[in-house]
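Undergrad: Structure in structure tokens, see below.
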Amino acid sequence: MLASSALAERRLFRLLQQSLDGSPDAQAESAVLARVLGAHLERVVDSSGLPPEQRRGLASRLSATMAAYEAAARNFLAASPQDRADRLGALLASHRRLREILEGELARFRDAAVVGAAQLEALQRATWLPAFLRDLARNSERANHLNRAVLATQEFEARFFEHTAAALRATVESGPQPSGRSLEPDLALLGDVERLAGLPEARALSGDLRNAARRVDALLRQPLEPAAVPTLAAAVGQVVERLEALRPLLEVERDRALADLALVNESVVSFVETLSAASLFALLVGFLVVAAVTRAVTASLDALRDGMDRVRQGRLDVEVQAAGGDETAEMAAVFNRMVAELRESRAKLQAYQQDLERIVEERTRALREAQAQLVQAEKLSAVGELVAGVAHELNNPLTSVLGYAQLLEADPSTPEDLREYARVVVREADRARHIVQNLLTFARPQAVDREPVDVNAVVRHTLEVPRADGEGVRVETRLHPEPLVVLGNALQLQQVFLNIVRNALQAMRDRPGRLEISTTRAGDRAVVEFADTGPGIAPEHLGRVFDPFFTTKKVGEGTGLGLSLSYGIVRDHGGTIRVRNRPEGGACFTVELPLAQPGHREAAGP
Ligand SMILES: Nc1ncnc2c1ncn2[C@@H]1O[C@H](COP(=O)(O)OP(=O)(O)OP(=O)(O)O)[C@@H](O)[C@H]1O
Ligand SMILES: [Mg+2]
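Using this note's numbering, you'd call the opening residue of the sequence shown number 12 and step up by one each time.
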């Protein structure tokens, strides 16, 4: 500011020098300068932001001096060149007086502006922002933890029911026997829940849950006698009760943490906005004063003002170049620093938020998938138990029917027409036995040997099996160039692929098209895709095709067991099977199986 006032002064001296030399232009300009200075001074007063009384005081001080100054200037210019030297003293004195007043006022404004900037800086460094950011981090971590606790509870629930259903199934099928597996490893999940939730209530519930689960486990690890069933039912009931209390507790707490997070986020944004508006006002007043004094710095001040306006509108991409004196440059630097800090905090905030959104999205997806698998597993185990009993009961009479019919057919004394009936009975009984066999396989997975199997080879063998359907359908394969070795049972996997292929061929019976089978490797999994150009699957059926007995085929044509059997087999192999409709039409089944670790070999039961 002083620098700019010095600049104005230098200009004045130069003009005086020129007018002493008698240059008429210089004289004219000197008069103009006086007028311009007068106008500047008015603006200084107007924009000073002083209370009206002080403003009047300043105006009258300035105008008195200004009048004296003008008179001296006029006097000076009217004099002959010889006299001018004498009158210069008077002119310089009023000039000095004017300058003093100006400098005094300017210094006051400068102090005010610097105080404004200092306040701004102090605010910027205040503990608010870091505290907000800390809050934000803490809340987002909490929301995350709670989400993971909800997932761990879900997983425990799934494992508990799977374990219990398996033990019960074994008892129904083969009579009272101790369960070979313990629930103990799954209880570790509850430890996770307690640690992640950090809620005394959740800890208490989870402790109760653990005790109840241990009671169930203890009962299942002994042969289950009928008398013990009510005790078991009661213990399972307790587990369910605790789970039902724990899950909503965690979910409510997680949603609350997410809501808190949104709140903190909002506060930071409004804080940043208030901060900008309040401190910018202080700076603005100071800057306006500076702008009134000289044009030399007007450009950079305009830039500053523009910059501030833009910040106020929420744009943080501004940087001000200061072309003026020291003070202006200093203010521009303070301003730039402030904007940079605002920019930084806003970027941090956005990064936190995006991170969080991504995590929540991932978790929600994982949760949904886990739930779908859980529902499917429950359906299978419920139907499985029922089916096992019925199929077992059917097997004996069917064996007799088949046996006697075969005897009748083979007996030479049977008349020809009766022999024909016997043949029909044999054929149909054989079909019935086949269905029963399928039911049993589904309900009671046999212990099978697992060995390294190349999925590519299984696909090739599947296509060698003669097919009744599929006239005119083009089957294309695109196999991964290297063997995709999984640990499994080749016959079972072939059964899965055959079911899928057969379904596709049946679906394209009326309008022969194409079936593309491809194998690829995705990380540590082998992926097999079967894409057909048939009619696809009705959207309302998409969620049901893996259900036991779900079929759209005519009675006698399909039992609806193919895909549910396949589902069970793939799951026992540690894999997944999914279906979707292709955008270009047709259905696409995807089977994913974990690749074998090199050198791994084992024989495993179901
Ligand atoms: N590629 C496909 N295109 C269209 N629909 C299909 C396809 N694959 C399966 N489906 C539908 O899924 C249903 C269930 O299939 P699933 O193999 O379980 O039983 P199914 O073929 O009807 O009987 P089964 O296999 O016991 O003979 C089918 O009835 C059919 O509606
Ligand atoms: Mg089928």
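In this text, a Cβ means the ideal position worked out from N, Cα and C, and glycines have one as well. All values reported here derive from a predicted model rather than from experimental measurement.
Since Arg489 is in the beta strand (DSSP E), which residue starts that stretch and which ends it?
TA: Here the question's residue 489 lines up with position 478 in the sequence shown. It spans 485-489 - the beta strand (DSSP E) in which Arg489 sits, taken as one unbroken run.
Undergrad: Just verifying my parser: in three-state terms, what is the DSSP assignment at Gly127?
TA: Taking the sequence shown and counting its residues from 1, one reaches residue 127 at position 116. For Gly127, the predicted structure reports a pLDDT of 45, less than 50, and the residue's modelled location is therefore unreliable. The matter cannot be settled from this model.
Undergrad: Excluding the five sequence neighbours on either side, which residues of its own chain have a C-beta within less than 6 Å of the C-beta of Thr562, listed in chain order?
TA: If you number the sequence shown from 1, residue 562 lands on position 551. Shown here for Thr562: same chain residues with a beta carbon closer than 6 Å to its own, the five before and five after excluded, namely Gly569, Gly571 in chain order.
Undergrad: Would DSSP call Asn510 helix, strand or coil?
TA: For this step, residue 510 is matched to residue 499 along the sequence shown. The answer is helix: DSSP assigns Asn510 an H, G or I state.
Undergrad: I believe Val470 touches Val539 by the beta-carbon criterion, under 8 Å. Please report the beta-carbon distance rounded to the nearest angstrom.
TA: Position 459 of the sequence shown holds residue 470. Position 528 of the sequence shown holds residue 539. With a Cβ gap of about 7 Å, Val470 and Val539 count as contacting.
Undergrad: Kindly indicate which three-state DSSP category Val366 falls into: helix, strand or coil?
TA: Your numbering for residue 366 matches position 355 in the sequence shown. In the sequence on display, residue 366 carries Asp and not Val. Per DSSP, reduced to three states, the secondary structure at Asp366 is helical.
Undergrad: In this structure, does DSSP put Thr182 in helix, strand or coil?
TA: Along the sequence shown, read from residue 1 onward, the residue named residue 182 stands at position 171. In this structure, Thr182 counts as helix in the three-state DSSP scheme.
Undergrad: Tell me whether the beta-carbon of Leu413 lies closer than 8 Å to the beta-carbon of Asp441.
TA: The sequence position of residue 413 within the sequence shown is 402, counting from 1. The sequence position of residue 441 within the sequence shown is 430, counting from 1. Going by C-beta atoms, Leu413 is nearer than 8 Å to Asp441.
Undergrad: Exposed or buried, which one is Asp543 when buried takes at least 16 other CB atoms within 10 Å?
TA: As a first step, residue 543 must be located in the sequence shown, where it is residue number 532. Buried, because 16 or more other Cβ atoms sit within 10 Å of the Cβ of Asp543.
Undergrad: Tell me whether Val496 sits in a helix, a strand or coil according to DSSP, three-state version.
TA: Along the sequence shown, read from residue 1 onward, the residue named residue 496 stands at position 485. Strand at Val496.
Undergrad: Which stretch, first to last residue, makes up the alpha helix (DSSP H) that contains Leu220?
TA: Within the sequence shown, residue 220 is the residue found at index 209, counting from 1. Looking at the DSSP string, the run of the alpha helix (DSSP H) that includes Leu220 is 211-231.
Undergrad: Quick check: the stretch 482-493 against the stretch 446-453, are at least 3 beta-carbon pairs closer than 8 Å?
TA: no
Undergrad: Decide if Val602 is buried, meaning its Cβ has at least 16 other Cβ atoms within 10 Å, or exposed.
TA: Here residue 602 refers to the residue found at position 591 of the sequence shown. So Val602 ends up on the buried side.
Undergrad: With a Cβ-Cβ cutoff of 8 Å, do Ala515 and Leu502 count as a contact?
TA: Mapped onto the sequence shown, residue 515 falls at position 504. Mapped onto the sequence shown, residue 502 falls at position 491. Cβ distance not < 8 Å, so Ala515 and Leu502 don't count as in contact.
Undergrad: With a Cβ-Cβ cutoff of 8 Å, do Leu261 and Ala199 count as a contact?
TA: Stepping through the sequence shown from its first residue, residue 261 is reached at position 250. Stepping through the sequence shown from its first residue, residue 199 is reached at position 188. No, they are not a contact pair.
Undergrad: So, helix, strand or coil for Ser290, using DSSP?
TA: Taking the first residue of the sequence shown as 1, we reach residue 290 at position 279. Because the pLDDT of Ser290 is 44, which lies under 50, any placement of that residue in the model is unreliable, and the question is left without a value.
Undergrad: In whole angstroms, what is the alpha-carbon distance linking Leu606 and Asp219?
TA: In the sequence shown, counting from the first residue as 1, residue 606 sits at position 595. In the sequence shown, counting from the first residue as 1, residue 219 sits at position 208. If you take the alpha carbons of Leu606 and Asp219, they lie about 39 Å apart.
Undergrad: Is the beta carbon of Gly545 less than 8 Å from the beta carbon of Met519?
TA: Residue numbering aside, residue 545 sits at position 534 when the sequence shown is read from its first letter. Residue numbering aside, residue 519 sits at position 508 when the sequence shown is read from its first letter. Closer than 8 Å, so yes.
Undergrad: Does the Cβ-Cβ distance between Glu621 and Arg438 come in under 8 Å?
TA: Any property of residue 621 remains undetermined from this structure, which presents the chain solely from 12 to 617.
Undergrad: Can you name the residues that DSSP bridges to Leu529?
TA: As a first step, residue 529 must be located in the sequence shown, where it is residue number 518. Note that residue 529 is Ser in the sequence shown, not Leu. Answer by DSSP bridge pairing, in chain order: Arg489, Glu540.
Undergrad: Nearest to Arg513 by CA position, among Ala549, Val251, Arg536, Lys564, is which residue?
TA: Taking the first residue of the sequence shown as position 1, residue 513 is located at position 502. Measuring from the Cα of Arg513, the nearest candidate turns out to be Lys564.
Undergrad: Taking 8 Å as the cut-off, decide whether the C-beta atoms of Gln505 and His472 are in contact.
TA: Stepping through the sequence shown from its first residue, residue 505 is reached at position 494. Stepping through the sequence shown from its first residue, residue 472 is reached at position 461. Cβ atoms of Gln505 and His472: closer than 8 Å.
Undergrad: Excluding sequence positions up to five away, which residues of its chain have a Cβ less than 8 Å from the Cβ of Leu162?
TA: On the sequence shown, residue 162 is found 151 positions in, with the first residue counted as 1. Cβ neighbours of Leu162 beyond the five flanking positions: Arg374, Ala377, Leu378, Ala381.
Undergrad: Measure the alpha-carbon distance for Pro187 versus Gly248 and round it to whole angstroms.
TA: Locating residue 187 in the sequence shown gives position 176, counting from the first residue. Locating residue 248 in the sequence shown gives position 237, counting from the first residue. Pro187 and Gly248: Cα-Cα distance of roughly 21 Å.
Undergrad: Using only CA atoms, which one of Glu482, Ala598, Phe560 lies nearest to Pro523?
TA: In the sequence shown, counting from the first residue as 1, residue 523 sits at position 512. Nearest option by C-alpha distance: Glu482.
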